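Asker: The structure follows.
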Amino acid sequence: MEFQKKDRYGIEDLLHIMELLRSEGGCPWDREQTHESIRKNLIEETYETVEAIDQQDAGMLREELGDVLLQVVFHARMEEEKGVFSFDDVANDICRKLIIRHPHIFGDATVSGVDEVLDNWNAIKQQTKGQTTAAETLTAVPRPLPALMRAEKVQSRAGKANPIFGYLSPEEAMKDLRSEEKELEEAAAEGRLPEIADEIGDLIFAAVNVARKYGLDPEELLTRSTDRFIDRFTRVEALAGEQDVPIGEADTALLDRLWRESKEYLGGGEEH
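If you want it as C-alpha cells, here you go:
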C-alpha cells in the first residue's frame with residue numbers, strides 16, 4: 017500500500033495511515049489489537065488531555081487531542097474491517113445528533129438562555145434514547161465512569177425527576193451526611209465488615225450530594241485534597257529529614273507536630 021509523505025497532513029491521511037498499519041503487511045502490533053486490548057488507552061489519553069487543560073498548556077493539549085483522535089480512528093477502523101461502520105458513519109452520527117439537539121439553531125425552537133438549552137438537550141436525549149422512566153435515565157449513566165462522577169450524575173438526574181431526591185438545600189444534604197456517618201460508626205463499633213463497607217460507600221455518596229448542592233465538582237475536590245496531602249507529606253518528610261529522623265521511624269507526636277507545621281506553612285503561615 018502506497019503512502020506519500022507530506023509537509024502537512026489531514027484527517028484523510030490519518031485514516032489512510034491507520035488502514036496501512038492494520039493491513040496485511042502493516043504493523044504486527046496494530047494488527048493484533050482489539051477494542052478490548054486498547055480500551056484503557058482511550059481512558060489514559062482522555063485523562064492526559066484533561067491534564068493539559070488543567071495546566072493550560074496549549075501545546076500539550078494539541079498533542080493529547082491528537083492521541084484521543086487516534087483512538088477514535090483506531091476503533092472505527094476495526095469496525096470498518098468487519099463491515100459494521102466506518103469513521104464517516106461516526107462523523108455522520110455526531111453531526112446528526114448535534115443538529116437534532118440544537119433545535120434553536122437548526123430548527124424553529126426558541127430559548128431564553130443556557131438553562132433552557134440544557135433542558136431541551138436532556139429532554140431530546142431522553143426521547144431519542146427511548147427512555148420513558150426516570151429510573152432509565154439513572155441506569156443510562158455509564159458504570160465505568162469514575163465513581164464520584166457517576167454518583168454526581170445519578171444524583172442530578174434523580175433530582176430532576178423529583179427535587180426531593182436531589183435535596184432542596186445544602187443543609188438537608190449535610191444532615192444526611194451526618195446520618196450516614198452515625199450509621200458507619202455503629203457498624204464499626206460492632207465490627208461488621210460488610211456493613212462497614214456499605215456505610216463507607218453511603219457516606220461518600222452523601223458527601224457527593226453535599227458538594228453538588230454547593231455547585232462543586234466532587235471529582236475535582238478529591239483531586240485537590242489529594243494534591244494537598246502530597247504537598248504536606250512531602251513537607252513533613254523534609255522537616256523530619258532536617259532532624260535526622262527517617263519518615264518511617266518518626267513517632268506519632270513528632271508526625272503530628274510536623275504535620276501541623278506543614279499545614280500552616282503551605283497554607284501561608286510562617287515557616288517553622
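Numbering (this note's numbering), first residue to last: 17 to 288.
No residue lacks a Cβ here, since even glycine has one placed at the ideal position from N, Cα and C.
Please read these numbers as outputs of a predicted model, since none were measured by experiment.
Helix, strand or coil: which one does DSSP assign to lysine 21?
Answerer: Note: lysine 21 maps to coil in three-state DSSP.
Asker: Is lysine 145 a contact residue of the ligand MN, with contact defined as CB to any heavy atom under 7 Å?
Answerer: As for the ligand MN, it is missing from this structure, which has no ligand bound.
Asker: Which parts of the segment 220–264 are runs of the alpha helix (DSSP H), unbroken and 4 residues or longer, counting only runs that do not cross its ends?
Answerer: 234–258
Asker: Return the residue from the list Lys98, Glu95, Glu96 and Asn136 that minimises the CA-CA distance to leucine 114.
Answerer: Asn136
Asker: Note down the Cα distance separating glutamine 87 from isoleucine 54, rounded to an integer number of angstroms.
Answerer: If I take the Cα positions, the gap works out to 8 Å.
Asker: Please state the DSSP three-state secondary structure of glutamate 286.
Answerer: Because glutamate 286 carries a pLDDT of 42, less than 50, the predicted location of this residue cannot be relied on, and no value is offered for it.
Asker: Are lysine 145 and alanine 156 touching if we call contact CB-CB under 8 Å?
Answerer: yes
Asker: Which runs of the alpha helix (DSSP H), 4 residues or longer, sit entirely within the segment 74–107?
Answerer: 74–97
Asker: Answer yes if the segment 253–261 comes into contact with the segment 232–240, meaning at least three C-beta pairs across the two stretches below 8 Å, and no otherwise.
Answerer: no
Asker: Tell me the DSSP secondary structure of isoleucine 167 in three-state form.
Answerer: For the record, residue 167 in the displayed sequence is alanine; it is not isoleucine. If DSSP states are grouped into helix, strand and coil, alanine 167 belongs with the helices.
Asker: Contact defined as beta carbons within less than 8 Å: I believe valine 226 pairs with leucine 193. What is the distance between those atoms, to the nearest angstrom?
Answerer: 6 Å
Asker: Three or more beta-carbon pairs under 8 Å between the segment 20–31 and the segment 85–99, yes or no?
Answerer: yes
Asker: What are the boundary residues of the alpha helix (DSSP H) that aspartate 131 is part of?
Answerer: For aspartate 131, the enclosing alpha helix (DSSP H) stretches over residues 130–144.
Asker: Sorted by chain position, which residues of the same chain lie with C-beta nearer than 8 Å to valine 106's C-beta, five sequence neighbours on each side aside?
Answerer: Val88 and Ala92
Asker: Could you compute how far the alpha carbon of threonine 126 sits from the alpha carbon of proline 119?
Answerer: The C-alpha of threonine 126 lies about 8 Å from the C-alpha of proline 119.
Asker: Check whether the Cβ atoms of glutamate 168 and arginine 228 sit closer than 8 Å, and answer yes or no.
Answerer: yes
Asker: Buried or exposed for leucine 209, going by 16 or more other Cβ atoms inside 10 Å?
Answerer: Classification for leucine 209: exposed.
Asker: Since glutamine 143 and valine 224 are thought to touch, with beta carbons under 8 Å apart, how far apart are those beta carbons, to the nearest angstrom?
Answerer: Not really, about 28 Å apart at Cβ, beyond 8 Å.
Asker: For glutamate 18 and methionine 34, what's the separation of their Cα atoms in angstroms?
Answerer: 13 Å
Asker: State the start and end residues of the unbroken alpha helix (DSSP H) segment that holds proline 119.
Answerer: Where proline 119 is concerned, the enclosing alpha helix (DSSP H) stretches over 119–122.
Asker: With a threshold of 7 Å on Cβ separation, who are the neighbours of lysine 279 within its own chain once the five nearest residues in sequence on each side are excluded?
Answerer: Arg248
Asker: According to DSSP, is lysine 43 part of a helix, a strand, or is it coil?
Answerer: Reading the sequence as shown, one finds cysteine at residue 43 and not lysine. The answer is coil: DSSP assigns cysteine 43 none of H, G, I, E or B.
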